[in-house]
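A.B. asks:
Residue numbers (my numbering), protein chains in the order written: chain U, 47 to 319; chain Y, 25 to 289.
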C-alpha cells in the first residue's frame, strides 16, 4: 500500500448568512483520490481556489474529510488516537514565513515540534542542530526570528518540520512570498530533503518548481484533472492553458524555437540547440 | 517611532547578568519594583539608581538600547510629573492664577518621575538580558506550583511567548497599513487630538482583522507541529539555578535591606 492514500475525499465548508442561517456548504474538494509513494516528489498545481491547500491540510488531519478517507502509513486521519502520530510523520511548511514561527529565537522555534512530541532534551538539542545545519541556518541559531529575511524565515520553518523527523513534508506554496534568491535556496533544500528520502508534496504556482517533481497533479474546482510526469504535462500546451496554468519560461522558449517537446530544463535545451 | 519600544527585545550577550536564571531575574525585577515604592527620599533613589546602573554596566548592554525604551513612555512620565507638580498642597513656591507649584509637589513629581524611569529601565533590563523564551519558561516554572489550584501556568507562558514573538510582526503590519493609508491621502499628523485619534480608526480596524488572520495561520502551524497543550511536553533548555543565582540572591537581599534602611536616613 502506498504511504499516503486518499480515497474519494470530499470536503465541504459550512457557510452561514449574516443571520447565522446555514447556506449551501461550499465544496472545496469533490471526490479526490490519489496515492503517494514513500520517497516520491509530488507537485500539486492549479488555479487559486482549486482546492490545493485544502487537500494539503487533509493529508495531516488539519482538516477532516466530510466523506471519503485519508490514510497515512495505514492510519486513518479520522481516527483521533493516531492524529499526533500522523502529524509527526507529515511535517508541513506554510506560505507565510512570518505567521508560522512560534518563538522569537531561531533555535527555540525549531525545538517547538520535538518539544511537543516529548523528545528528551539532549536529543532535541541534537535534532535542532542537525535541522539547522541542513537548511544552512546554523550560524543564525541565536538570532531573533524577526530580524531575518523572508527566505531565511522560511528555511527556519523547514528546519522546524525537519526536526520532528517526519517521513513526509507537505509544502504549501513555500516560495510564494519570497524573492528569487530566497526561492531558489528553498527549492534547493526541498530537493535535497527529497534526495535524503523524505517524501515531498509541493503545492506551487511556479511551474518551473513543479517541473522538479517526479509527478505533477493538476487540480481544478476541487478535483484532480491531471496526473502526469512533468515531461508529459509540459508537452501538452493546450492542456496547460485549459487548466489555467502557464508554461515555465524554458518550455515557452522551447516551443517558440520549435524544439523537441520532451525537453524540460534549460540544460537540456542548451544541449539541443 | 513604532520600533522604539525595547520591551521584549533581547540584546544577545554572554555577561553574568545574561547567564542568570530567568527566575532569578523575574524575582529580582519584582523586588526592585517593590523597592522603588518603598523608597521615600533622595538617598534611597541614589542607591536604587546606582545599583541599577551597576547591573547595566555588568550586562554590557549599550545605554542606547536602554534609553530607547524610555522615549516611548516619555509622555506618560511627563504627564505624571505635571499632575504631581500641580496637584499637591503645601508650601507654595510659585503661583499663577489657579496654578501653583508647591515644594512638596515638586518633590513628589521628581520622585515619581525618577521612580517611573527606574522602573522602566529596571524591567527592560530583564527583557534585554533574557531571551523571551527563557523568560516565559521561568515564569512557567515560577507559576507551576499554582497550577495545582487551577492556574493555567503553561498556557499563560505560551501566550506570553507568542505575544512577544508577534510584537514585531504586528508593528510591521501597522507600519504597512499606515503607509497604505497615507499613500491614499490619509492624514495622521495634523489636526487636534480628537481628529488624530479618529484618524487612527482606519488603522486599527485592518490591524484587528489581520491579527485574527495571523492568529489563525499560527494556530494551524502549531497544530501541524503537534502542539497539544502542556501535557507530555519536554523542553530543550533545562533551566537550573547556578552559583551566580545564589550570589544574585544574596546581593538582592542586601539591596532590599539597604533600601528599607534608607527610609530612616
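Backbone N, C-alpha and C define an ideal beta-carbon position, used for all residues, glycine too.
Check whether chain Y comes within 8 Å of residue 146 (chain U), counting only Cβ atoms and requiring the distance to be less than that.
C.D. replies: Output row for residue 146 (chain U): interface = yes.
A.B. asks: Look at the Cβ atom of residue 244 (chain U), then the Cβ atom of residue 213 (chain U), and state whether they are nearer than 8 Å.
C.D. replies: Yes, Cβ-Cβ distance for residue 244 (chain U) and residue 213 (chain U) is below 8 Å.
A.B. asks: So that I know if they touch, is there some Cβ in chain Y lying closer than 8 Å to that of residue 165 (chain U)?
C.D. replies: With 8 Å as the cut-off, residue 165 (chain U) counts as an interface residue toward chain Y.
A.B. asks: Would residue 158 (chain Y) and residue 40 (chain Y) qualify as a contact pair, given that the criterion is a beta-carbon distance under 8 Å?
C.D. replies: No; because the gap between Cβ atoms is not below 8 Å, this pair is not in contact.
A.B. asks: To the nearest angstrom, how far is it from the Cα of residue 312 (chain U) to the Cα of residue 218 (chain U)?
C.D. replies: The straight-line gap from Cα to Cα measures roughly 26 Å.
A.B. asks: Would you kindly work out how many angstroms separate the C-alpha atoms of residue 293 (chain U) and residue 232 (chain U), rounded to a whole number?
C.D. replies: So the two alpha carbons sit approximately 21 Å from each other.
A.B. asks: Return the residues of the segment 146-164 of chain Y that lie within a Cβ-Cβ distance of less than 7 Å from chain U, sorted by chain order.
C.D. replies: Answer set for the segment 146-164 of chain Y: 155, 156, 157.
A.B. asks: Give the interface partners of residue 262 (chain Y) over in chain U, defined as CB-CB distance under 7 Å, in chain order.
C.D. replies: Simply 167.
A.B. asks: Would residue 248 (chain Y) pass as an interface residue toward chain U - the criterion being a Cβ-Cβ separation below 8 Å?
C.D. replies: Answer yes: the Cβ-Cβ gap between residue 248 (chain Y) and chain U drops below 8 Å somewhere.
A.B. asks: Quick one: what does DSSP say residue 189 (chain Y) is sitting in, helix, strand or coil?
C.D. replies: If DSSP states are grouped into helix, strand and coil, residue 189 (chain Y) belongs with the helices.
A.B. asks: Residue 202 (chain U) by DSSP, collapsed to three states: which one?
C.D. replies: Looking at residue 202 (chain U) - three-state DSSP - the assignment turns out to be helix.
A.B. asks: Mark residue 327 (chain U) as exposed unless 16 or more other C-beta atoms lie within 10 angstroms of its C-beta, in which case mark it buried.
C.D. replies: The shown model of chain U, from 47 to 319, leaves out residue 327 (chain U), and the question about it has no answer.
A.B. asks: Give a yes or no on whether the C-beta atoms belonging to residue 267 (chain U) and residue 76 (chain U) are separated by under 8 Å.
C.D. replies: Result yes, Cβ atoms of residue 267 (chain U) and residue 76 (chain U) sit closer than 8 Å.
A.B. asks: Got a sec, what are the start and stop residues for the alpha helix (DSSP H) residue 128 (chain Y) sits in?
C.D. replies: First-last of the alpha helix (DSSP H) with residue 128 (chain Y): 127-153.
A.B. asks: CA-CA distance, residue 82 (chain Y) and residue 224 (chain Y)?
C.D. replies: Looking at the two C-alpha atoms, the distance is approximately 41 Å.
A.B. asks: Does the CB of residue 42 (chain Y) have a neighbour CB from chain U at under 8 Å?
C.D. replies: For residue 42 (chain Y), the answer is no, since every Cβ of chain U falls outside 8 Å of its Cβ.
A.B. asks: Could you name the residues of chain U that residue 186 (chain Y) contacts, counting a contact when the two beta carbons are closer than 7 Å?
C.D. replies: Near residue 186 (chain Y) (Cβ distances below 7 Å), the residues of chain U are 148.
A.B. asks: Identify every run of the alpha helix (DSSP H) within the segment 73-137 of chain Y, keeping only runs that are complete inside it and at least 4 residues long; order them along the chain.
C.D. replies: If we require 4 residues or more, the alpha helix (DSSP H) runs fully inside the segment 73-137 of chain Y come out as 87-96, 98-111.
A.B. asks: Closer than 7 Å by C-beta to residue 227 (chain Y): which residues in its own chain qualify, once you throw out the five before and the five after it? Chain order, please.
C.D. replies: Here the set comprises 198, 201, 202, 205.
A.B. asks: In its own chain, which residues sit with a C-beta less than 6 Å from the C-beta of residue 254 (chain Y), not counting the 5 before and 5 after it?
C.D. replies: Excluding residues within five positions, the ones whose Cβ falls inside 6 Å are 178.
A.B. asks: Nearest-angstrom Cα distance between residue 256 (chain Y) and residue 280 (chain U)?
C.D. replies: Between residue 256 (chain Y) and residue 280 (chain U), the C-alpha separation is close to 49 Å.
A.B. asks: Please classify residue 160 (chain Y): is it buried, with 16 or more other beta-carbons within 10 angstroms of its beta-carbon, or exposed?
C.D. replies: Classification of residue 160 (chain Y): buried, given that the 10 Å Cβ count is 16 or more.
A.B. asks: With H, G and I counted as helix, E and B as strand and the rest as coil, what does DSSP make of residue 275 (chain U)?
C.D. replies: If DSSP states are grouped into helix, strand and coil, residue 275 (chain U) belongs with coil.
A.B. asks: Using 8 Å as the threshold, is the C-beta distance between residue 250 (chain Y) and residue 159 (chain U) below it?
C.D. replies: It is a contact, given that the beta carbons lie within the stated cut-off.
A.B. asks: Just checking: is the beta-carbon of residue 251 (chain U) within a distance shorter than 8 Å of some beta-carbon in chain Y?
C.D. replies: No - not a single Cβ of chain Y is within 8 Å of the one on residue 251 (chain U).
A.B. asks: Mind listing which residues of the segment 87-111 of chain Y have their C-beta closer than 7 Å to chain U's C-betas, in chain order?
C.D. replies: Residues: none.
A.B. asks: Assuming residue 282 (chain Y) contacts residue 71 (chain Y) (C-beta within less than 8 Å), just tell me the rounded distance between them.
C.D. replies: Residue 282 (chain Y) to residue 71 (chain Y), Cβ: 6 Å. Contact.
A.B. asks: Can you tell me the Cβ-Cβ gap for residue 191 (chain U) and residue 202 (chain U), rounded? I've got them flagged as a contact below 8 Å.
C.D. replies: About 6 Å separates the two Cβ atoms, so the contact holds.
A.B. asks: Using a Cβ cut-off of 9 Å, pull out every chain Y residue sitting near residue 217 (chain U), in sequence order please.
C.D. replies: The contacting residues do not exist; residue 217 (chain U) stays about 12 Å from chain Y at best.
A.B. asks: Report all residues from its chain with a CB closer than 6 Å to the CB of residue 290 (chain U); omit the five preceding and five following residues, and keep chain order.
C.D. replies: Contacts found: 93.
A.B. asks: Using the rule of at least 16 other Cβ atoms within 10 Å of the residue's Cβ for burial, across every protein chain shown, is residue 225 (chain U) buried or exposed?
C.D. replies: It is exposed - the Cβ of residue 225 (chain U) has fewer than 16 other Cβ atoms within 10 Å.
A.B. asks: Assign residue 93 (chain U) to one of three DSSP states: helix, strand, or coil.
C.D. replies: Coil, per DSSP.
A.B. asks: Taking 8 Å as the cut-off, does the segment 208-216 of chain Y touch the segment 164-173 of chain U (at least 3 CB pairs, one atom from each stretch)?
C.D. replies: The answer is no - the segment 208-216 of chain Y does not touch the segment 164-173 of chain U, with fewer than three Cβ pairs under 8 Å.
A.B. asks: Using beta carbons (cut-off 8 Å, strictly below), is residue 108 (chain U) in contact with chain Y?
C.D. replies: At least one chain Y Cβ lies under 8 Å of residue 108 (chain U).
A.B. asks: What do you get for residue 106 (chain Y), buried or exposed, if any count of 16 or more other CB atoms within 10 angstroms of its CB means buried?
C.D. replies: Under this definition residue 106 (chain Y) is an exposed residue.
A.B. asks: Return the Cβ separation of residue 270 (chain U) and residue 147 (chain U) in integer angstroms, given the expectation that the two are a contact with Cβ distance under 8 Å.
C.D. replies: Actually they do not touch by this definition, with Cβ atoms about 32 Å apart.
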